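In terms of UniProt numbering, the sequence shown is residues 1 to 332.
Virtual Cβ for every residue (Gly too), placed ideally from N, Cα, C.
All values reported here derive from a predicted model rather than from experimental measurement.
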Amino acid sequence: MEAEKEDKVVADGAAEERGQRQQVAEEVKEKKNKRKRKEFAPFGNYRNYYGYRIGHDLDEDPRLKVMKKEWFEGKTCLDIGCNNGIITIHIGICTVTFQFTSFRIAASWSLCSLCFEAFSRETKKFGCRSILGIDIDSHRIEDAHWNLRKVVKMEANMKNCTKSSEPKSEENSNGPEQIVNSSLDEEARNTSDDLPRESKDLSTVVSFQHENFVESRHPLSARYDTILCLSVTKWVHLNWGDEGLISLFSKVWQLLQPGGVFVLEPQPWRSYQQNRLVSETTAKNYSRIIFRPQYFQEILLDKIGFRTVEDLTSALSGAKTGFNRPVLAFYK
């Protein structure tokens, strides 16, 4: 009898333990579901958008490689829907002169860690005068400011490190102080000779602003040489319909200087269907859309007034998943 009681106690204890584990598992599942609900992004304003699209190295983003230097060199630029500012900052980074052949900057927050790399030989020096990134989500702009501060701080550390690495005399020119410089090959040295002598502070080149581009008014004095709109049109279209899309295109044309370029990366129609139910507004607008993405080029040329278009899509062939979308450059 005593043994049976002990067995019953053990069995009851095991059952209770299983029940507790199951309860904990259910609580964890509920927390995950709540977290997913909190990450609801009706405007495509996902917190880690570039994190899951390009992985850890921004140099993987093939769109940067098809963008031409003449679109940015000495130009005033605008990035519509900049999210956390990764692309905007990278273009700014390619404007700033660095002493090193390469550098790595880690920008970490709660859910991901992104690294940016700029190579003096492989990455084009865009050389823009300034670039402004805007986004409808104030939280993404906060992330962008955080990333910019992180990069500026790293830039300062790199400059200090460079100064401390310079050889003090010919006697120790082959010593430890020369380790960094010895890693530069002849081609990298030739490339650095073409760069400006004085580095520009990244914070004077890159800036961010919280703005709903579709609904905001822009002063007539605001003019840009290059405007980027990468993977944004779908969200404008779903939230503001055909009218919002045309408003976006019209404002871009008005804000561009004569001869300016509008770099557009539209999402395909099938992705509209996948995201049509993110809100009641998007569901309603989806059913009313007439101007599907295949008509955008015709609209921009024939209705909005752009002079010509350059299709850069073929240069992206074979790119990793997430970059199999068309990239078009419209000239005013």
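*Under the DSSP definition of a beta bridge, which residues are partnered with residue 298?*
Residue mapping note: residue 298 aligns to position 298 of the sequence shown, counting from 1. As computed with DSSP, residue 298 is found in no beta bridge at all.
*Measure from the alpha carbon of residue 326 to the alpha carbon of each residue in 252, 233, 289, 255, then state which is nearest.*
By one-based count along the sequence shown, residue 326 stands at place 326. Considering only alpha carbons, the answer is 233.
_Own chain partners of residue 267 with C-beta closer than 8 Å, once the 5 adjacent residues on each side are dropped_ = Stepping through the sequence shown from its first residue, residue 267 is reached at position 267. Once the five neighbours on either side are set aside, the close Cβ partners of residue 267 are 231, 233, 234, 293, 325.
_Pairs of beta-carbons, one from the segment 217-231 and one from the segment 252-268, closer than 8 Å: are there three or more?_
yes
_Unbroken alpha helix (DSSP H) run spanning residue 66, endpoints_ = Within the sequence shown, numbered from 1, the residue matching residue 66 stands at position 66. Counting along the chain, the alpha helix (DSSP H) containing residue 66 begins and ends at 62-66.
*Express the C-alpha separation of residue 156 and residue 305 in angstroms, rounding to a whole number.*
Here the question's residue 305 lines up with position 305 in the sequence shown. Here the question's residue 156 lines up with position 156 in the sequence shown. Here the alpha carbon of residue 305 sits roughly 44 Å from the alpha carbon of residue 156.
*With DSSP collapsed to three states, give me the class of residue 133.*
To locate residue 133, count along the sequence shown from 1; it is residue 133. Strand, per DSSP.
_residue 220, enclosing beta strand (DSSP E) - first and last residue_ = If you number the sequence shown from 1, residue 220 lands on position 220. Where residue 220 is concerned, there is no enclosing beta strand (DSSP E), given that its DSSP letter is neither H nor E.
*Which same chain residues, not among the five before or five after residue 211, have their C-beta less than 8 Å away from its C-beta?*
As a working note, residue 211 is residue 211 in the sequence shown. The residues are 134, 135, 136.
*Buried or exposed: which applies to residue 311, given that a residue is buried once 16 or more other Cβ atoms fall within 10 Å of its Cβ?*
Taking the sequence shown and counting its residues from 1, one reaches residue 311 at position 311. With fewer than 16 other Cβ atoms within 10 Å, it is exposed.
_Any contact between the segment 140-160 and the segment 207-221? By contact I mean 3 or more CB pairs, one from each, below 8 Å._
yes
*Considering residue 207, what are the terminal residues of the beta strand (DSSP E) in which it resides?*
Here residue 207 corresponds to residue number 207 of the sequence shown, with the count starting at 1. 206-210 is the extent of the beta strand (DSSP E) around residue 207.
*What span of residues does the beta strand (DSSP E) with residue 329 cover, start to end?*
Translated into positions along the sequence shown, residue 329 becomes position 329. 328-331 is the span of the beta strand (DSSP E), which, as asked, contains residue 329.
*Go through its chain and collect everything with a Cβ distance to residue 332's Cβ below 8 Å, but skip five positions before and after it.*
Within the sequence shown, residue 332 is the residue found at index 332, counting from 1. Once the five neighbours on either side are set aside, the close Cβ partners of residue 332 are 253, 256, 257, 258, 259, 260, 261, 262, 305, 306, 307.
*How many angstroms separate the CA atom of residue 281 from the CA atom of residue 132?*
The sequence position of residue 281 within the sequence shown is 281, counting from 1. The sequence position of residue 132 within the sequence shown is 132, counting from 1. So the alpha carbons of these two residues sit roughly 29 Å apart.
_Measuring alpha carbon to alpha carbon, tell me which residue in 87, 128, 126, 129 is nearest residue 144._
What you label residue 144 is simply residue 144 of the sequence shown in a count that begins at 1. Of the candidates 87, 128, 126, 129, the one whose C-alpha sits nearest the C-alpha of residue 144 is 87.
*Compute the distance between the beta-carbons of residue 73 and residue 127, then report whether it is under 8 Å.*
Locating residue 73 in the sequence shown gives position 73, where the first residue counts as 1. Locating residue 127 in the sequence shown gives position 127, where the first residue counts as 1. A contact, by the Cβ cut-off of 8 Å.
*Any idea if residue 90 is buried or exposed, counting beta-carbon neighbours within 10 angstroms, 16 or more meaning buried?*
In the sequence shown, counting from the first residue as 1, residue 90 sits at position 90. The residue in question, residue 90, is buried, as its Cβ has 16 or more Cβ neighbours within 10 Å.
*Return the residue from the list 250, 158, 277 that minimises the CA-CA distance to residue 302.*
Locating residue 302 in the sequence shown gives position 302, counting from the first residue. It is 250 whose Cα lies nearest to the Cα of residue 302.
*Closer than 6 Å by C-beta to residue 109: which residues in its own chain qualify, once you throw out the five before and the five after it? Chain order, please.*
For the purposes of this step, residue 109 is identified with residue 109 of the sequence shown, where counting begins at 1. Its pLDDT being 36, under 50, residue 109 is placed unreliably in this model, and the value from its coordinates should be taken loosely. Answer for residue 109: no residue qualifies.
*Does the Cβ of residue 160 have 16 or more other Cβ atoms within 10 Å, making it buried, or fewer, making it exposed?*
Locating residue 160 in the sequence shown gives position 160, where the first residue counts as 1. Burial call: exposed.
*How many whole angstroms separate the CB atoms of residue 42 and residue 285, which I take to be in contact at a CB cut-off of 8 Å?*
Position 42 of the sequence shown, counted from the start, is the residue given in the question as residue 42. Position 285 of the sequence shown, counted from the start, is the residue given in the question as residue 285. Actually they are not in contact, since the Cβ atoms of residue 42 and residue 285 sit about 11 Å apart, beyond 8 Å.
*Could you work out which residue in 62, 300, 248 is closest to residue 217 when comparing CA atoms only?*
Position 217 of the sequence shown, counting from 1, holds the residue named residue 217. Here the closest residue by C-alpha is 248.
*What residue ranges within the segment 225-281 form continuous beta strand (DSSP E) runs of no fewer than 3 residues, ordered along the chain?*
Unbroken beta strand (DSSP E) runs of no fewer than 3 residues, entirely contained in the segment 225-281, are found at 256-265, following chain order.
*Nearest CA to the CA of residue 79: which residue from 138, 274, 213, 154?*
Working through the sequence shown from its first residue, we reach residue 79 at position 79. Minimum Cα distance to residue 79 is reached at 213.
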